[in-house]
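Colleague: Residue numbers (this note's numbering): 3 to 297.
Don't be surprised by glycine CBs; every beta carbon is placed ideally from N, CA and C.
Before we start, here is the structure in question, set down as structure tokens.
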């Protein structure tokens with residue numbers, strides 16, 4: 003137990019183009035530090051990270067952020083990553099491909115404690131290899147519950163410890179993300195045209211068939227090529243773009259939340275609030291107040 007009480011995460015970081023949006027929330031329990039970060043990333047920014055202890059990172063948004071990741075000796079950049087396990091001593095590089103805001107939950111684990119947890123669960127994974135996992139509703143839901151417990155503890159250590167155990171089981175039972183095969187069907191020019199069309203029509207739902215028409219592809223070919231390129235469906239991408247646009251507008255105190263919901267294609271203010279809270283853990287009204295207090 004003294005080992006657990008003394009454990010502190012130690013990480014070397016070099017970052018650029020990343021700005022915190024809310025104060026760090028953290029919680030300590032049984033050889034673990036759990037923390038929740040909300041940040042804004044600028045296109046072209048990114049970071050380098052390495053730590054002497056293993057860690058788990060899970061992004062809480064509805065879709066993976068537009069970030070390319072590379073871990074350890076891997077020379078391939080991975081995109082569409084929702085969760086990752088980074089072993090002790092393994093370097094991680096990130097590169098931001100589009101401006102966005104994101105919230106992520108991190109579990110920093112004492113290495114001996116992690117091995118004990120794996121043994122107790124009768125799991126014997128190779129803990130020396132990174133694991134990068136694409137979109138996962140189960141991991142995202144677990145992480146959101148854990149993030150709520152970090153921000154506002156309600157159930158003592160039992161609940162968050164159980165959520166960590168479930169998270170470990172999911173991560174080490176899920177196939178790691180493989181690099182998406184190259185596809186020329188959705189070129190950078192075609193993707194840019196679709197993105198421009200979507201941003202010009204944020205106040206309404208844009209069907210996949212309409213996106214495909216803009217790209218000059220059949221609907222089935224577009225959907226397949228889009229998933230290969232972005233590792234998310236066009237529908238999830240559209241939802242993420244709309245939510246990012248809403249976040250930017252929320253900073254303007256002169257605009258009502260109902261007006262922002264309409265302008266970004268949400269059915270109503272309640273729909274916007276549900277999506278925002280699911281992604282960030284707080285309703286947009288609270289986000290707005292905090293932003294005004296920090297400015």
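Report the CB separation of residue 84 from residue 130 in whole angstroms; it is logged as a contact under 8 angstroms.
Modeller: As a working mapping, residue 84 is identified with position 82 in the chain shown. As a working mapping, residue 130 is identified with position 128 in the chain shown. With a Cβ gap of about 22 angstroms, residue 84 and residue 130 do not count as contacting.
Colleague: Please list the terminal residues of the continuous beta strand (DSSP E) segment that includes residue 189.
Modeller: Within the chain shown, numbered from 1, the residue matching residue 189 stands at position 187. Looking at the DSSP string, residue 189 is not in any beta strand (DSSP E), and its letter there is neither H nor E.
Colleague: Is residue 61 near residue 95, with beta carbons less than 8 angstroms apart?
Modeller: Position 59 of the chain shown, counting from 1, holds the residue named residue 61. Position 93 of the chain shown, counting from 1, holds the residue named residue 95. Cβ atoms of residue 61 and residue 95: not closer than 8 angstroms.
Colleague: Thinking residue 22 and residue 39 are a contact (beta carbons under 8 angstroms), I'd like their distance in whole angstroms, please.
Modeller: Numbered from 1 along the chain shown, position 20 holds the residue referred to as residue 22. Numbered from 1 along the chain shown, position 37 holds the residue referred to as residue 39. Contact flag correct, Cβ pair sits at about 7 angstroms.
Colleague: Going by beta-carbon coordinates alone, are residue 279 and residue 285 separated by less than 8 angstroms?
Modeller: As a first step, residue 279 is located in the chain shown; it is residue number 277 there, counting from the start. As a first step, residue 285 is located in the chain shown; it is residue number 283 there, counting from the start. Yes, these two residues count as a Cβ contact at 8 angstroms.
Colleague: Going by beta carbon distance, what residues of the same chain come within less than 6 angstroms of residue 266, once the five residues before and after it are set aside?
Modeller: One-based indexing of the chain shown puts residue 266 at position 264. So the qualifying residues of the chain are 204, 244, 247, 248.
Colleague: With a threshold of 16 other CB atoms inside 10 Å of the CB of residue 240, please say whether the residue is buried or exposed.
Modeller: Here the question's residue 240 lines up with position 238 in the chain shown. Classification of residue 240: buried, given that the 10 Å Cβ count is 16 or more.
Colleague: Who are the near neighbours of residue 103 in its chain, counting only those whose CB is closer than 6 angstroms to its CB and skipping five residues on each side?
Modeller: Against the chain shown, residue 103 aligns to sequence position 101. Once the five neighbours on either side are set aside, the close Cβ partners of residue 103 are 42, 249.
Colleague: Whether or not the stretch 66 to 83 and the stretch 224 to 234 are in contact is what I'm after, with contact meaning three or more pairs of Cβ atoms, one per stretch, closer than 8 angstroms; do they touch?
Modeller: Short answer: they touch.
Colleague: Could you have a look at residue 125 and say whether DSSP puts it in helix, strand or coil?
Modeller: Position 123 of the chain shown, counted from the first residue, corresponds to residue 125. It is coil, neither helix nor strand.
Colleague: In the DSSP assignment, what residue or residues form a beta bridge with residue 38?
Modeller: Position 36 of the chain shown, counting from 1, holds the residue named residue 38. Answer is 27, 107, bridged to residue 38.
Colleague: Kindly list the residues whose CB is nearer than 8 angstroms to the CB of residue 269, restricted to its own chain and excluding five residues on each side of it in sequence; keep chain order.
Modeller: Mapped onto the chain shown, residue 269 falls at position 267. Result list for residue 269: 263, in chain order.
Colleague: When we look at the beta-carbon of residue 169 and count the other beta-carbons within 10 Å, is it buried (16 or more) or exposed?
Modeller: Taking the chain shown and counting its residues from 1, the one referred to as residue 169 is at position 167. Its Cβ being crowded by 16 or more others within 10 Å, residue 169 is buried.
Colleague: For residue 27, I'd like the list of residues in its chain whose CB is within less than 6 angstroms of its CB, leaving aside the five on either flank, ordered along the chain.
Modeller: Here residue 27 refers to the residue found at position 25 of the chain shown. Hits under 6 angstroms: 38, 152, 153.
Colleague: List the endpoints of the continuous alpha helix (DSSP H) containing residue 232.
Modeller: Mapped onto the chain shown, residue 232 falls at position 230. Residues 221 to 232.
Colleague: Buried or exposed, going by whether 16 or more other CB atoms sit within 10 Å of the CB of residue 91?
Modeller: Along the chain shown, read from residue 1 onward, the residue named residue 91 stands at position 89. That one is exposed.
Colleague: Report the partner residues of residue 2 according to the DSSP bridge assignment.
Modeller: Shown here, the chain extends from 3 to 297; a query on residue 2 therefore has no answer.
Colleague: Mapping the DSSP letters down to three states, classify residue 73 as helix, strand or coil.
Modeller: Here residue 73 is taken as the residue at index 71 of the chain shown, counted from 1. Note: residue 73 maps to strand in three-state DSSP.
Colleague: Who are the near neighbours of residue 238 in its chain, counting only those whose CB is closer than 8 angstroms to its CB and skipping five residues on each side?
Modeller: On the chain shown, residue 238 is found 236 positions in, with the first residue counted as 1. Correct list, in chain order: 64, 65, 137.
Colleague: Give a yes or no on whether the C-beta atoms belonging to residue 59 and residue 86 are separated by under 8 angstroms.
Modeller: Within the chain shown, residue 59 is the residue found at index 57, counting from 1. Within the chain shown, residue 86 is the residue found at index 84, counting from 1. Taking 8 angstroms as the Cβ cut-off, residue 59 and residue 86 qualify as a contacting pair.
Colleague: Taking the continuous alpha helix (DSSP H) assigned at residue 165, which residues delimit it?
Modeller: Translated into positions along the chain shown, residue 165 becomes position 163. 158 to 175 is the span of the alpha helix (DSSP H), which, as asked, contains residue 165.
Colleague: Grouping DSSP H, G and I as helix and E and B as strand, with all else coil, what is residue 88?
Modeller: Stepping through the chain shown from its first residue, residue 88 is reached at position 86. Looking at residue 88 - three-state DSSP - the assignment turns out to be strand.
Colleague: Quick check on the burial criterion: 16 or more other C-beta atoms within 10 angstroms. Buried or exposed for residue 88?
Modeller: Numbered from 1 along the chain shown, position 86 holds the residue referred to as residue 88. So residue 88 ends up on the buried side.
Colleague: May I ask which residues mark the beginning and end of the beta strand (DSSP E) holding residue 134?
Modeller: In the chain shown, the residue the question calls residue 134 occupies position 132. Element bounds for residue 134: 133 to 135.
Colleague: Can you give me the C-alpha to C-alpha distance between residue 195 and residue 140, rounded to a whole angstrom?
Modeller: The residue given as residue 195 occupies position 193 in the chain shown. The residue given as residue 140 occupies position 138 in the chain shown. One C-alpha to the other measures close to 33 angstroms.
Colleague: Tell whether a beta-carbon distance below 8 angstroms holds between residue 221 and residue 210.
Modeller: Position 219 of the chain shown, counted from the start, is the residue given in the question as residue 221. Position 208 of the chain shown, counted from the start, is the residue given in the question as residue 210. Contact flag set, yes.
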